[in-house]
Every structure is written in C-alpha cells, then in structure tokens.
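Just below is one structure, and these are the notes that go with it.
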Amino acid sequence: MGRSRSQLTSIFWKVWFILAAISMGYVRSELGDVVEARFEERRDDLDISAAGSILLVEDDVDYAAAVEGMLAPLKGSGYSLVRVRTLEEARHVLTARDVACVIADLALPDARGVDVVDSLHDLSPEVAIIVLTAMEEEETAMEALQMGAQDYITKTSADARLLEKAVKYSIERKRLQSELAHQAVHDPLTGLPNRTLFLDRLEMALARLDRYRRAIAVIFFDIDNFKLINDSLGHDIGDQMLTLVGERLASLMRGGDTVARLGGDEFCLLCESVPDDDRARAIGMRIETAFKQPLIVAGREFYVTGSVGVACTNDPATDPKSILADADA
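Quick look at the structure:
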C-alpha cells in the first residue's frame, strides 16, 4: 500500500487510456495489467442488465435520436435511456436516478471540451463516462480520459456495434476500477479503511477545522499480547478476533467517524467535532469499557484488553502523521 490515492488514480487513468486508445503508445503499468487481465476474463460475457439508466447528453436532437437507435440492441438488457440537452439537465438526472453510464458530447450549450467530463466525474465519480464528439483531436481524447472518461468515440465513427461494445466495456471497466480503488485503501481482512485512507480523512478533517471551532480526536488502540494469541491459538483465530475487534470499535462510533486498521493489531479512530479534551478522553474510556465484554470466536469466549492513546487538536496546521504518532505514544 505504498502508493497514495492520487497516484493510484493516475494509474487507473493510464489503464483506461490503454484500453480506449492503444495507438497512442502508453506503457502498461503493473496495476494496468491486473485490470486488463480481469477485463479479458469477462469481456465475452458482459451483462449490464442491472446497470440502471444510460444518460445521453446531446443538444443535437436529430443526432440524439440516431444514437438512441444505435443503442436499440441493448434494450433486451433492461436498461432505460434518458436524453438531456445540457450539463445542468444531466446534473438533475444524476442526482435523481441510478445511472450506470453517461454518453456525453463535448460541445454543449452550457459547457465545452473536457470541462464536460470533469463536471460529470465530479457529480458522480462512480458512473462510467463515454465521450461522443465531433472533435477528432488526439490531445482532447487524452485529456478526456485523464479527467475520468472510460472511452472516447468520434461521431463519424460511431455505429450500433461500436456504441454497444463501448457501453458494456465502459461499465465493466468502471466496476473493476471501483473494486481496485476500494482494495487499495481498505484492509483486506476487516474491510476497514487502511492507513492510507485514514491519513487522507485525517488531513481533510484538519482542513475543516478552519471553518469549525471544535476539535478532532485521534484514538489509537492496540490489542495487548496479540502475538501470544496468534502463537497459542493460531492465525485463523487471530484473524477472526481482529475482525471482531474492528466491528466492536465501529459500533462505538458515530456515522461520520472513521475506524481504521493500520496493520497488525493496531487500530485507529478519528472523531470530529469533539468539544474538548475531556470528551476525547471519555471516548477512550468508553472503548476500554466496551472490551470488558468477551469476544465470541469459534464458540469460545475471549477477553481482550488493549492500550488506548488519545490525541486531540483544534489547530488546522497540525501535521496528520504527528497527531497519529502522539496518539500512538
């Protein structure tokens, strides 16, 4: 997990560019090979029956009707096509419907060029985007893909077969990208955020202190004598115990708080809008109290104790790694 989220995002864009425009000569990254291999496993049996709506953003009424005709073979997959003329209309659809794929022109009445892709990606990062445009510029294609599009098709080359494949493949690529992005910032055992995601959320929480006068608390929790548990009971029991510890910690937190597994037997909690140091310490005490109740693993009761460290700040200039180290200390 040495790569940051921004680095991984950059890698994903390069992967999409390889798949959509291999002639441009990009070199596959190691992560790109993973996406390509998994995509090849599914490409002969792609199914978008549960994909939701396909949103077409095109201000040329006649061409929009032609595209709808090209997409007719997909009707058996159970999708519904929604047509709008502007980016603002697309915004309303994306907030009101389950949209799986957007097909967008780059020349709209209220937006032009790659700003269309940028806006759509900001509105709905989980939606696949296909650019369908009269522009035939290689540089524009590259920018669109880097902004978050999965494919780029010129209007002169578009036909029913090409559009059908583009929709199916773009949805599948987006699914794979989402899976890999989730894996990159979550602990594979517990499903909790990992250190990378925790530090990212901590950084954002510190930035929000500029607007709010309350503090944030970082609470470090590690299990006492966990190596002994692993050595005496086995790693399977140890893994189950770690998962249950994560679940118990998460049950103590509010919806907006973050519980992460940093590695080994180390967990960390981020609590925002904490009134003062006393409230932060009270949260730490609540964690200690919660573990007076046993964990049930393989039908047996285990009592787990842990060390709790609390660090609190209301200074937005605080270094994220420093406050994490303070809580650990």
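In the numbering used here, the protein residues as written are -12 to 316.
A virtual CB, placed ideally from N, CA and C, is assigned to each residue, including glycine.
Once DSSP output is grouped into helix, strand and coil, what is the label at residue i?
i	result
E253	strand
A37	Here A37 scores only 46 on pLDDT, less than 50, and its place in the model should not be relied on; the value that follows carries that caveat. In the structure shown, A37 sits in coil (DSSP, three-state: anything other than H, G, I, E or B).
E259	strand
V104	helix
E275	helix
S111	coil
T120	strand
R84	coil
F42	The sequence shown places Leu at residue 42, not Phe. The answer is strand: DSSP assigns L42 an E or B state.
T127	helix
G12	In this predicted model, G12 has a pLDDT of only 34, less than 50, meaning its place in the structure is not dependable; the value taken from the coordinates is given anyway. Note: G12 maps to coil in three-state DSSP.
Straight-line CA distance for residue i to residue j?
i	j	result
D49	E113	29 Å
R148	P180	41 Å
V154	T127	20 Å
A267	C258	8 Å
Q164	V101	21 Å
L74	R160	24 Å
A59	D244	46 Å
V86	A77	10 Å
A145	Y139	10 Å
L176	Y66	35 Å
G56	S40	16 Å
L236	L196	24 Å
D211	S294	7 Å
G250	R182	8 Å
H79	G242	27 Å
L61	R188	40 Å
S36	K308	Bear in mind that a pLDDT of 45 at S36, under 50, signals an unreliable position, so the number given afterwards is only what the model happens to contain. The alpha-carbon atoms of S36 and K308 are separated by roughly 45 Å.
G221	I270	31 Å
S111	Y156	18 Å
Can you round the beta-carbon distance between residue i and residue j to whole angstroms, since I take them to be within the 8 Å contact cut?
i	j	result
V297	Q227	About 27 Å; that fails the 8 Å criterion.
A314	I206	6 Å
If distances are taken between C-alpha atoms only, which option among the options comes closest to residue i?
i	options	result
L119	L61, T177 and D47	D47
G263	V103, D302, D138 and I90	According to the sequence displayed, residue 263 carries Asp and not Gly. The residue with the shortest Cα to Cα distance from D263 is D302.
V69	L43, A94 and L61	L43
A52	R72, G39 and D187	R72
T305	E190, G233, E275 and I270	E190
I203	A312, L239, S260 and F213	S260
What do you reckon, is the C-beta of residue i under 7 Å from a heavy atom of the ligand GDP?
i	result
V69	This structure does not include the ligand GDP; it has no bound ligands of any sort.
**Request:** Write down every uninterrupted run of the beta strand (DSSP E) in the segment 140 to 177 whose length is 3 residues or greater and which is fully enclosed by it, in chain order.
**Result:** Within the segment 140 to 177, complete beta strand (DSSP E) segments of at least 3 residues are not found at all.
**Item:** Segments assigned beta strand (DSSP E), at least 3 residues, entirely inside the segment 172 to 235
**Value:** Complete beta strand (DSSP E) runs here, min 3: 202 to 210.
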